[in-house]
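S.K.: First, the structure itself, so that you have it in front of you.
2 protein chains.
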Amino acid sequence: MNCSIITIGDEILIGQIVDTNSATIAQMLGEVGVRVVWRVTVGDGAEQIRSAVSEAMERTPLVIITGGLGPTKDDITKTTLAEMFGSRLVRHEPTYRAVEQMMRSRGIEFNELNQGQALVPECAEVLTNRNGTAPGMWFNSEGRVVVSLPGVPFEMEALMREEVVPRVKEHFALRSVVHRTMITFGLAESMLAERIAPWEEALPEWLHLAYLPSPRQLRLRLSAYEVAAEVAEAEIDRRFAELEVILADYFVGYGEQTVAGAVAEMLVARGATLACAESCTGGALSSRFTAEAGASAYFVGSVVSYSNDVKINVLGVRAEDIAAHGAVSREVAEQMAEGVRRVCGADYAIATTGIAGPDGGTPTKPVGTVWIAVATPEGVTAQLYHGGKLRSVNIERSSTAAINMLRLVLTKSSGL
Amino acid sequence: MNCSIITIGDEILIGQIVDTNSATIAQMLGEVGVRVVWRVTVGDGAEQIRSAVSEAMERTPLVIITGGLGPTKDDITKTTLAEMFGSRLVRHEPTYRAVEQMMRSRGIEFNELNQGQALVPECAEVLTNRNGTAPGMWFNSEGRVVVSLPGVPFEMEALMREEVVPRVKEHFALRSVVHRTMITFGLAESMLAERIAPWEEALPEWLHLAYLPSPRQLRLRLSAYEVAAEVAEAEIDRRFAELEVILADYFVGYGEQTVAGAVAEMLVARGATLACAESCTGGALSSRFTAEAGASAYFVGSVVSYSNDVKINVLGVRAEDIAAHGAVSREVAEQMAEGVRRVCGADYAIATTGIAGPDGGTPTKPVGTVWIAVATPEGVTAQLYHGGKLRSVNIERSSTAAINMLRLVLTKSSGL
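One line per chain: the protein sequences are W and B, in this order.
Using this note's numbering, read the first sequence as starting at -19 and increasing by one per residue.
Using this note's numbering, read the second sequence as starting at -19 and increasing by one per residue.
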């Protein structure tokens, strides 16, 4: 089962934004066994859109289009598709009411442009967009399915998950594919590959292993395409159970688990609370916990002590230690962790202090040097970490390393 | 002057990696007046590559290809192009010697696969790759130029800058293109479009306006393709100057400016400092400032007061006010801002307290309700904001709204 993806927008063509939608769509379709074989990007022009859609329909039975559905006049995807499929635009009442309410609740005038968002080609099946004003559209034409989605990534992603993927599975009567993902952290891809090579060699032919690296974790996915679901699932269970033993501390969890999520689960299970003290990570570490619903069950708060004064006055770090060892030091990291644990009244605390870059490095403490500390009811420990030279990557990596340090502490201790 | 981009690789098609090369190439070409009008991604198959290259050559006089030049057998771009252009592969001596030396210095065996990197189609002009083993190639065929580059981003980028762009400018005797971007915030796309409609109508035909929305800002881009650069720039200056007046407070800046960047510039110019108190944004607000280098010039710190205890004990919020008005209220937001300003010793402070969702909403305070407050040396103000129902979007939007509230306060006051 093959698919094409068309992304529409001058801003993508000229490189003002990077197209991440295509990769998201390809991944989501890949999970149900649909393979993307052609991807094209065209500008906001009717002829370009028509020619791309025609070509895609010749190539594959499923075509996913994103972009060009905004309310302004440079967005012409909808009118172009209506023309192509010989259909007039009609008002879709549920969308009209939803957009009206959305505008009202956000204090935005419900004007002609917004009302236009509720117009859809008569032949299209409307896919309700709960997160924006542009509805998705599903067209059946000449035995092909053409789906048009808004280009805003989170709107597109929700529509894919809630509407498109389930309909595609049903419409094309897809064979089931079993995918399972294991989350690991702490071993680089090449080292992990070496460590698990004998296990990988022993996998049956029909189980395919993929490495999915990212700055926050390294995921390992097993996929079975040719085998009954129960057989595949039992085999994957067995193989992953072996791998858990091989990976030991590097094993974090399964599926959508994250390093922060594993910490959250352990804290909630123990009825324990967490606070953070952040210097170089500047709020990013805390936001990794608070990004997930339910964080208030264990997360009590943080102090971002960017200046030395805040380290000293709010967290109680000793000024003499900053003078003697520098703000990026074991002593300061440990006192930050202990300080925020006390100030916020938490059971556990994490602290980071480092040189995020691009400036501020020295020969003994180059850019990327980060001290991370974990304070527990039993005491405090710290370790040195190197997050790399690029500021954004450094902040992301050292946040993850700090969370993982707490994960290992929690894994090795049984209770509060 | 138009161009096509072809990216080659199964890993891009299936979404395992995001294609950033296309955007990089389009930006670099855009700066010299080459407009990308077609972009396609195909897998590592000879027939797919051939058909994409033929189609691109029909569409545009310049075709840039990236990827598929590695040493392993799934990389077939070079042999496919050699066949297409009726040319045999010959050894390129300078590349052979360079690859040999590169391998030796990195302690890697100079084997048959690596030696193959020095083979190039006889008809191609070689573009020296100083950062890797795969040379770039420049083909002239039937009045078209086809350029093949490695897919590794930093190798591709160096080749574009050092070899491709200078040759393209000379070969096609290029006219220049002018793009300029204005950053706005606070008006939704549809309302902004309505407000600037008369201005937009009056633009000369050769100036093209594009709306580039994102959760953090709405960008407006003017592009001039047909006119001498000085004329275009003068006209854009004049039109954008008019627009600044029309947009008033909604105007943030130009180019790569952001709402947070505008605040940072104003604070640094006044020698003033900033602290944040975050509840629902949970660290994300602070990270918007600390993500940029140089934040320590004005940003002193934050308190993420997720629990009521931290609000009361660290920030000095009155427990009676939490009991009377709830943690999501004007009173608490204002006391958080005042509290963190005092605790961190900052000149200005921002605070957020809201219901990030998905749970915790009530009929009077639904999910998405956020109170934001700004404290200054003169006093404190707060306003109610609605960030929407999706947790991640809500956090992002309310962070931006809070930063923008401070931007407006700073714009309206002249000094500390």
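Idealized CB from N, CA, C, for every residue including glycine.
Any idea if W/Lys153 is buried or exposed, counting beta-carbon neighbours within 10 angstroms, 16 or more meaning buried?
M.R.: It is Ala, not Lys, that sits at residue 153 of chain W in the sequence shown. Classification for W/Ala153: exposed.
S.K.: With a threshold of 7 Å between beta carbons, is B/Gly263 in contact with chain W?
M.R.: So yes, B/Gly263 belongs to the interface.
S.K.: Could you name the residues of chain W that B/Gly10 contacts, counting a contact when the two beta carbons are closer than 7 Å?
M.R.: Simply Ile(-6), Gly(-5).
S.K.: Within its chain, find whatever has a CB closer than 7 Å to the CB of B/Thr462; leave out the 5 residues flanking it on each side and keep chain order.
M.R.: Residue 462 of chain B lies beyond the range of chain B shown here (-19 to 396); nothing can be said about it.
S.K.: I'd like the list of long-range same chain contacts for W/Val284, defined as Cβ closer than 7 Å, with 5 residues on each side in sequence excluded.
M.R.: Closer than 7 Å at the Cβ level, and outside the excluded window around W/Val284, lie Glu258, Gly262, Gly263.
S.K.: Just to confirm the assignment: which complete alpha helix (DSSP H) runs, minimum length 4, are found wholly within the segment -5 to 73 of chain B?
M.R.: Taking only runs of at least 4 residues, the alpha helix (DSSP H) segments lying wholly in the segment -5 to 73 of chain B are 1 to 10, 26 to 39, 57 to 64.
S.K.: Kindly give me the distance between the Cβ atoms of W/Val297 and W/Gln315, rounded to whole angstroms, as I take these residues to be in contact under 8 Å.
M.R.: With a Cβ gap of about 4 Å, W/Val297 and W/Gln315 count as contacting.
S.K.: Exposed or buried, which one is B/Trp18 when buried takes at least 16 other CB atoms within 10 Å?
M.R.: Flag for B/Trp18 reads buried.
S.K.: Taking 7 Å as the CB-CB limit, is W/Pro133 close to chain B?
M.R.: With 7 Å as the cut-off, W/Pro133 does not count as an interface residue toward chain B.
S.K.: Give the DSSP-derived three-state secondary structure of W/Gln363 in the structure shown.
M.R.: Looking at W/Gln363 - three-state DSSP - the assignment turns out to be strand.
S.K.: Give a yes or no on whether the minimum CB-CB distance between W/Cys(-17) and chain B is below 7 Å.
M.R.: Not an interface residue.
S.K.: Are any of the Cβ atoms in chain W nearer than 7 Å to that of B/Phe165?
M.R.: It does not: the Cβ of B/Phe165 has no partner Cβ on chain W nearer than 7 Å.
S.K.: Name the two residues that bound the continuous beta strand (DSSP E) containing B/Leu129.
M.R.: Start and end: 124 to 129.
S.K.: Under 7 Å, do B/Asp(-1) and B/Ile5 count as touching if we go by C-beta distance?
M.R.: No, these two residues do not count as a Cβ contact at 7 Å.
S.K.: Would DSSP call B/Ser282 helix, strand or coil?
M.R.: Residue state, collapsed to three classes: strand.
S.K.: Pick from B/Ala299, B/Val225, B/Asp24, B/Val70: whose alpha carbon is nearest that of B/Thr52?
M.R.: Measuring from the Cα of B/Thr52, the nearest candidate turns out to be B/Asp24.
S.K.: According to the Cβ coordinates, are W/Thr356 and W/Tyr328 closer than 7 Å?
M.R.: A contact, by the Cβ cut-off of 7 Å.
S.K.: Classify W/Arg199 as helix, strand or coil using the three-state DSSP reduction.
M.R.: It is a strand residue.
S.K.: DSSP three-state call for B/Thr380: helix, strand or coil?
M.R.: Correct three-state label for B/Thr380: helix.
S.K.: Checking 7 Å against the spacing of the C-beta atoms, do B/Val43 and B/Ser128 come in under that value?
M.R.: No, Cβ-Cβ distance for B/Val43 and B/Ser128 is not below 7 Å.
S.K.: Contact between the segment 157 to 169 of chain W and the segment 198 to 211 of chain W is defined here as three or more beta-carbon pairs at a separation below 8 Å; is this criterion met?
M.R.: Touching, yes, given that three or more Cβ pairs across the two stretches are closer than 8 Å.
S.K.: Ignore the nearest five residues each way along the sequence and tell me which others in B/Ser67's own chain have a CB closer than 6 Å to its CB.
M.R.: Excluding positions up to five away in sequence, the list reads Pro101, Glu102, Cys103.
S.K.: Any idea if W/Ser85 is buried or exposed, counting beta-carbon neighbours within 10 angstroms, 16 or more meaning buried?
M.R.: W/Ser85 is exposed by the Cβ-count criterion.
S.K.: Along the chain, where does the alpha helix (DSSP H) that runs through W/Pro193 open and close?
M.R.: Premise fails: W/Pro193 lies in the beta strand (DSSP E), 187 to 193, not in any alpha helix (DSSP H).
S.K.: Closer than 6 Å to a non-hydrogen atom of the ligand MG - does that hold for the CB of B/Met117?
M.R.: This structure lacks the ligand MG; in fact it carries no ligand of any kind.
S.K.: How close, in whole Å, do the beta carbons of W/Gly47 and W/Thr57 come, if the pair is a contact with beta carbons under 8 Å?
M.R.: Going by Cβ atoms, the distance from W/Gly47 to W/Thr57 rounds to 7 Å, so yes, they are a contact pair.
S.K.: Whose C-beta lies closer than 6 Å to the C-beta of B/Glu318 among residues of the same chain, with five residues either side of it excluded?
M.R.: Once the five neighbours on either side are set aside, the close Cβ partners of B/Glu318 are Ala355, Val360.
S.K.: Does chain W have any CB closer than 7 Å to the CB of B/Ala183?
M.R.: The question names Ala, yet the displayed sequence has Leu at residue 183 of chain B. By this cut-off, B/Leu183 is not an interface position.
S.K.: So, does the CB of B/Ser156 fall closer than 7 Å to a CB anywhere in chain W?
M.R.: It does not: the Cβ of B/Ser156 has no partner Cβ on chain W nearer than 7 Å.
S.K.: For the beta strand (DSSP E) containing B/Val145, name the first residue and the last one.
M.R.: It is not in any beta strand (DSSP E) - B/Val145 instead sits in the alpha helix (DSSP H) that spans 145 to 152.
S.K.: Expressed to the nearest angstrom, what Euclidean distance is found between the alpha-carbon atoms of W/Gln81 and W/Thr75?
M.R.: C-alpha separation (whole angstroms): 10 Å.
S.K.: Select from W/Ile352, W/Ala313, W/Leu370 the residue whose C-alpha is nearest the C-alpha of W/Gly404.
M.R.: What is shown of chain W runs -19 to 396, which leaves residue 404 of chain W out entirely.
S.K.: Using a Cβ distance threshold of 8 Å, determine whether the segment 241 to 255 of chain W contacts the segment 294 to 313 of chain B, with at least three qualifying pairs required.
M.R.: Touching, no, given that fewer than three Cβ pairs across the two stretches are closer than 8 Å.
S.K.: Is the Cβ-Cβ distance between B/Ala382 and B/Leu247 less than 7 Å?
M.R.: No, the pair does not count as a contact, with Cβ atoms beyond the cut-off.
S.K.: Once you ignore the five residues that flank W/Met(-19) on each side, which residues in its own chain have a CB closer than 8 Å to its CB?
M.R.: Excluding sequence neighbours, W/Met(-19) sits near Gly13, Val14, Arg15, Pro41, Leu42, Phe152, Leu154.
S.K.: Indicate whether at least one CB of chain B lies closer than 7 Å to the CB of W/Asn91.
M.R.: W/Asn91 counts as touching chain B.
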